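Structure record follows, encoded as structure tokens.
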Amino acid sequence: MSLPGQAPPLVLAIPSKGRLQENAAAFFARAGLDIAKGGGARDYRGTLAGMDTVEIAFLSAADIVTQLAAGHVHLGVTGEDLIRETIADAEARIELLAPLGFGHAHVVVAVPRAWIDVKTMADLEDVAAAFRARRGERMRVATKYVHLTRRFFAERHVSDYRIVESLGATEGAPAAGKAELVVDITTTGATLAANALKILDDGSILRSQANLVASLRADWSPGQRELARIILSRIAAEEEARTTREVSALLSRFADSLAAEAKAAFSARLRFHSSDGRLTLNCPKEKAAPLADWLIAQGAAHVCVAAQDYVFSAANPLYERLIARLPKL
Amino acid sequence: MSFTDQRSERIIAHLTGAGYARIEPPILQPASIFFDSGEDLRAQLYLTSDLSGADYCLRPEYTIPVLSAYLATASAGARAAFSYCGPVFRFRPGQDSEFTQAGIENFGRPDLEAADAEILAIALDAAAAVVRNSTPASRLSVRIGDAGLFSRLLEALELTPQWRRRIARGHSQGKSLDVITSLGLNGTDHSGVLGVLEGADKQGARALVEDLLSIAGIAPAGGRTPGEIADRFLEQAALKAGSGLSPEKRAVIEQFLRVEGDPYQASAQLRALARDAKLDLAAILDSFDTRLGLIAGQGLDAAKLRFSASFTRNLDYYTGFVFEAYEQGRGGQAAVGGGRYDQLPQALGAKTPIPAIGAAIWIDRLSQNGGEP
């Protein structure tokens, strides 16, 4: 809520409840961005410590999607599944800046385990056609992902079905006789299995997780872009730190050819190599151990692998991705 | 009065003048009557609901509402001919969601070929009536086909029902015969079970499926019975054994689908094809020729229509004669489309079969000059 004459704020939408909120708050906190809830009746609004012109909007994950699509908020945290389900022209309205590593949801096609003859979408297409030919009715698919289902089924030529909208306990619909199969989210598959359902081999519609999303329809004044740049550089620094490791060793000879080999084999980047042999590389977390082995093979006596708090860089890939999609000022 | 209004007036005058009484079903329709037309149409509906929670939609097309209204009357089953013209509503990204559709529906006529010819002639004349100083033959290029011919061919080839279904379905999806046949067993290999079932009878297969389920500790559930699952295994065993679609039969289908051009020549080609392959297509080709004669009798130059054996529109819906007309030089989407849909009345609740044929005219796709005085 800006006052006349005040610079318009950057609005960042955060899920208002549940695990998604906790995870989102923790994510921003890791990036050094502390979210403070506003006091009193306006506690659906909040602030970012130390950044007066950033406004936090606490909304449901579904509302965040519509607000992003409409351009009423600039940045938001929400699930990719909701984005793909709700926004028909998502590519034109929003940009997924970064997956956040929480809020995982796998949207899948699941059929009764008793259908031992059905393993693939092609089987389902065949069975759905036979079902309709035999009964004069279409097979019912219970789901809350109406659009994802239509798109996925159409791409695979499954047309003899009918969607039954289900807003809760979708996995129970076949047992309750309300549908023949479901399109639902699963994390471990345990709930589906408990309901005697199985996932089709090629029935994976979307592997979704919470994303940091930018609206392309929002007003992006120079001031708002600068606020986004600051926020995104902190997030990028934390993400870079979280996903990479600093690997250091003492190695007097480290020719350019070795640097190239380290890059090719371990995606390692040379940060620093001094004349006294101190060598520092940065590489993806999961490559740290193999890189250390390789450095020892090159003659290093010890290799230290260290986790980092932040890695700030002159380049800011998240912001560059956003700015590339915004109109030039 | 807008262009569309003037053109609508002219079209409706033409259609009612041809003896098709005007009927205008409410714009607000119960949504459920369109749900069985498939998710493609359903995805385009503008939905709303009332306080009781009942779902309604803005009519996305006329045929189902007109047919439903006709079936609800005491004269359902009797001969009846209707015309309509008004707005229809469909969600179409990047296009107008409200557009004007005119059309005719003809129910209960036993003289099928005559009804086919009449519908084609009236629809083309009406479309031409809004395009000034022109005749259908000069301004519209017309494509005709026959969904019944294709179905009859598959029947005459004595293909197993599953092959017929698979080929008809694949054809509707625009797949080539190559793709349809190479799908084989739909990607899933159950060779063990299928081997056991080869030559088994229905009861044996069903017992086996029930045993398999009980060994695995799975309760039969989810709409399909063990009998249905067993039937599908038997079908697959038959497909695996290669029964049904021999290379010869496949060649006949391919030859059939390539036939196109002047409908008289096409008819002769199809007769030759039937004779060579020793298939009995006489009755349906006689009907095809009768229809051509009646089309000519309507004053249309039947030789100028372009027949295509592979043109069947939507096989799920159309059962016989089908046609589409494009305004020459305007490319893109058909401005007129229609065909015979004899299965829809019973799907919508008719107790007995009722012949049904209709055509739609999309006024917005016809050139604008016809609206000028």
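Line by line, the protein sequences give chains A and B.
Sequential numbering from 1 applies to the first sequence in the working numbering.
Sequential numbering from 1001 applies to the second sequence in the working numbering.
All C-beta atoms, glycine included, are put in the ideal place defined by N, C-alpha and C.
In this text the structure is predicted, and so the values were computed from the model without any measurement.
Extent of the continuous alpha helix (DSSP H) run through W1163 of chain B:
Reading the second sequence from its first residue, position 163 is the one you call residue 1163 of chain B. Counted as a single uninterrupted DSSP element, the alpha helix (DSSP H) harbouring W1163 of chain B occupies residues P1161 to S1172.
* **the segment 139-154 of chain A contacting the segment 162-180 of chain A, beta-carbon criterion three pairs below 8 Å** => Judged by Cβ distances under 8 Å, the segment 139-154 of chain A makes contact with the segment 162-180 of chain A, as three or more pairs qualify.
request  = Kindly list the residues whose CB is nearer than 6 Å to the CB of V109 of chain A, restricted to its own chain and excluding five residues on each side of it in sequence; keep chain order.
outcome  = Here residue 109 of chain A is taken as the residue at index 109 of the first sequence, counted from 1. V183, L200 and G203, listed in sequence order.
* Runs of alpha helix (DSSP H) lying entirely within the segment 1197-1236 of chain B, each at least 4 residues, in chain order -> 1202-1215, all fully within the segment 1197-1236 of chain B.
Below-8 Å beta-carbon distance, D1036 of chain B vs any chain A residue: Start at 1 with the first residue of the second sequence, and residue 1036 of chain B comes out as number 36. For D1036 of chain B, the nearest beta carbon of chain A is closer than 8 Å to its own beta carbon.
Is it right to say K119 of chain A is buried, meaning 16 or more other beta carbons lie within 10 angstroms of its own, or is it exposed? The residue labelled residue 119 of chain A in the question sits at position 119 within the first sequence. K119 of chain A comes out buried.
Anything in chain B within Cβ reach of H302 of chain A, meaning under 9 Å, just list it in chain order. Locating residue 302 of chain A in the first sequence gives position 302, where the first residue counts as 1. The premise fails here: H302 of chain A is roughly 53 Å from chain B at the closest Cβ pair, so nothing lies under 9 Å.
Per-residue DSSP class, three states only, for D160 of chain A: The residue labelled residue 160 of chain A in the question sits at position 160 within the first sequence. It is coil, neither helix nor strand.
If we call anything under 8 Å between Cβ atoms a contact, is S248 of chain A one with L279 of chain A? Position 248 of the first sequence holds residue 248 of chain A. Position 279 of the first sequence holds residue 279 of chain A. For the pair S248 of chain A and L279 of chain A, the CB atoms are nearer than the 8 Å cut-off.
### Span of the beta strand (DSSP E), counted from its first residue to its last, around G1345 of chain B
Here residue 1345 of chain B refers to the residue found at position 345 of the second sequence. Per the sequence shown, residue 1345 of chain B should be read as Pro rather than Gly. Counting along the chain, P1345 of chain B falls outside any beta strand (DSSP E), though it belongs to the alpha helix (DSSP H) covering L1344 to A1347.
Q) So, L124 of chain A versus V146 of chain A, is the Cβ gap smaller than 8 Å? A) Position 124 of the first sequence, counted from the first residue, corresponds to residue 124 of chain A. Position 146 of the first sequence, counted from the first residue, corresponds to residue 146 of chain A. One thing to note: L124 of chain A has its Cβ no nearer than 8 Å to the Cβ of V146 of chain A.
* **CB contact check: I1354 of chain B to chain A, cutoff 8 Å** => In the second sequence, residue 1354 of chain B corresponds to position 354, counting from 1. Cβ-Cβ to chain A under 8 Å: no for I1354 of chain B.
Would you list the one or two residues that DSSP bridges to R245 of chain A? If you number the first sequence from 1, residue 245 of chain A lands on position 245. Residue pairing by DSSP puts R245 of chain A in a beta bridge opposite A:C283.
- Query: CA-CA distance, G1349 of chain B and L1071 of chain B?
  - Reply: In the second sequence, counting from the first residue as 1, residue 1349 of chain B sits at position 349. In the second sequence, counting from the first residue as 1, residue 1071 of chain B sits at position 71. Between G1349 of chain B and L1071 of chain B, the alpha-carbon positions lie close to 8 Å from each other.
#### Entry: Length of the line joining the Cα atoms of H302 of chain A and L295 of chain A
Start at 1 with the first residue of the first sequence, and residue 302 of chain A comes out as number 302. Start at 1 with the first residue of the first sequence, and residue 295 of chain A comes out as number 295. Rounded to the nearest whole angstrom, the CA to CA distance from H302 of chain A to L295 of chain A is 9 Å.
Contacts of F335 of chain A in chain B (Cβ-Cβ under 9 Å) = The shown model of chain A, from 1 to 329, leaves out residue 335 of chain A, and the question about it has no answer.
Tell me the DSSP secondary structure of W1362 of chain B in three-state form. As a working mapping, residue 1362 of chain B is identified with position 362 in the second sequence. Reduced to three states, the DSSP call for W1362 of chain B is strand.
Review point. For A1018 of chain B, which of B:L1270, B:L1124 and B:S1246 has the nearest alpha-carbon?
Key: Taking the first residue of the second sequence as 1, we reach residue 1018 of chain B at position 18. Across the set B:L1270, B:L1124 and B:S1246, the C-alpha of B:L1124 shows the shortest separation from the C-alpha of A1018 of chain B.
Using a C-beta cutoff of 8 Å, does A1043 of chain B count as contacting chain A?
Along the second sequence, one-based indexing puts residue 1043 of chain B at 43. Yes, contact with chain A.
| query | Could one say the Cβ of W1163 of chain B lies closer than 8 Å to chain A's Cβ atoms, at least one of them? | reply | Counting from one through the second sequence, the residue named residue 1163 of chain B turns up at place 163. With 8 Å as the cut-off, W1163 of chain B does not count as an interface residue toward chain A.
State the start and end residues of the unbroken alpha helix (DSSP H) segment that holds A297 of chain A. For the purposes of this step, residue 297 of chain A is taken as the residue at position 297 of the first sequence. Segment A288 to A297, the alpha helix (DSSP H) holding A297 of chain A.
query = Counting Cβ pairs, one atom from each stretch, are 3 or more of them under 8 Å apart for the segment 1092-1108 of chain B and the segment 1351-1359 of chain B?
reply = The segment 1092-1108 of chain B is in contact with the segment 1351-1359 of chain B.
In terms of alpha-carbon separation, which member of A:R135, A:A49, A:G18 and A:A7 lies closest to T78 of chain A?
-> Along the first sequence, read from residue 1 onward, the residue named residue 78 of chain A stands at position 78. The residue with the shortest Cα to Cα distance from T78 of chain A is A:G18.
(Q) Using DSSP's beta-bridge definition, name the partner residues of G38 of chain A. (A) The residue you call residue 38 of chain A lines up with position 38 of the first sequence. For G38 of chain A, which the question treats as bridged, DSSP gives no partner whatsoever.
Is there a Cβ from chain B that is less than 8 Å from the Cβ of S159 of chain A?
Taking the first sequence and counting its residues from 1, one reaches residue 159 of chain A at position 159. Taking Cβ atoms only, chain B reaches closer than 8 Å to S159 of chain A, which makes this a yes.
Legend entry - Cβ-based neighbour list, A1076 of chain B, same chain, cut-off 8 Å, excluding 5 preceding and 5 following: Taking the second sequence and counting its residues from 1, one reaches residue 1076 of chain B at position 76. Counting only residues of its own chain and dropping the five nearest sequence neighbours on each side, A1076 of chain B has a CB closer than 8 Å to the CB of Y1070, A1350 and I1354.
A1127 of chain B beta carbon less than 8 Å from that of L1305 of chain B: Against the second sequence, residue 1305 of chain B aligns to sequence position 305. Against the second sequence, residue 1127 of chain B aligns to sequence position 127. Against a cut-off of 8 Å, the Cβ pair of A1127 of chain B and L1305 of chain B comes out as no contact.
- Message: According to DSSP, simplified to helix, strand and coil, what is I1012 of chain B?
- Response: The count along the second sequence starts at 1 and reaches residue 1012 of chain B at position 12. DSSP places I1012 of chain B in helix when its eight states are reduced to three.
* Environment of T1319 of chain B [buried if 16+ CB atoms lie within 10 Å] -> In the second sequence, counting from the first residue as 1, residue 1319 of chain B sits at position 319. It is buried - the Cβ of T1319 of chain B has at least 16 other Cβ atoms within 10 Å.
Contacts around P222 of chain A, its chain only, beta-carbon distance under 8 Å, and the 5 residues preceding and following it disregarded:
Taking the first residue of the first sequence as position 1, residue 222 of chain A is located at position 222. Around P222 of chain A: L329.
Check: Between the beta-carbon of L336 of chain A and the beta-carbon of V65 of chain A, is there less than 8 Å?
Finding: Shown here, chain A extends from 1 to 329; a query on residue 336 of chain A therefore has no answer.
> Distance, Cα to Cα, F272 of chain A vs V73 of chain A?
Replying inline: Here residue 272 of chain A refers to the residue found at position 272 when the first sequence is read from its first residue. Here residue 73 of chain A refers to the residue found at position 73 when the first sequence is read from its first residue. The alpha-carbon atoms of F272 of chain A and V73 of chain A are separated by roughly 41 Å.
Cβ pair S1097 of chain B, R1022 of chain B closer than 8 Å
Along the second sequence, read from residue 1 onward, the residue named residue 1097 of chain B stands at position 97. Along the second sequence, read from residue 1 onward, the residue named residue 1022 of chain B stands at position 22. Pairing S1097 of chain B with R1022 of chain B gives a Cβ-Cβ distance that is not under 8 Å.
_Cβ neighbours of V11 of chain A in the same chain (closer than 6 Å, five flanking residues each side left out)_ = Here residue 11 of chain A refers to the residue found at position 11 when the first sequence is read from its first residue. Cβ contact annotation for V11 of chain A (same chain, cutoff 6 Å, sequence separation greater than five): E55, A57, V73 and H74, in chain order.
### Query
The beta strand (DSSP E) with E201 of chain A in it runs from where to where?
Locating residue 201 of chain A in the first sequence gives position 201, where the first residue counts as 1. The sequence as given places Asp at residue 201 of chain A; Glu does not occur at that position. Where D201 of chain A is concerned, the enclosing beta strand (DSSP E) stretches over L197 to S208.
Q.
Residues in the same chain with beta-carbon distance under 8 Å from Y1056 of chain B, minus the five sequence neighbours each way, listed in chain order, please.
A. Translated into the one-based positions of the second sequence, residue 1056 of chain B becomes position 56. If we look at Y1056 of chain B and ignore the five residues flanking it on each side, its Cβ neighbours are L1028, Q1029, P1030, A1031, L1047, T1048, S1049 and D1050.
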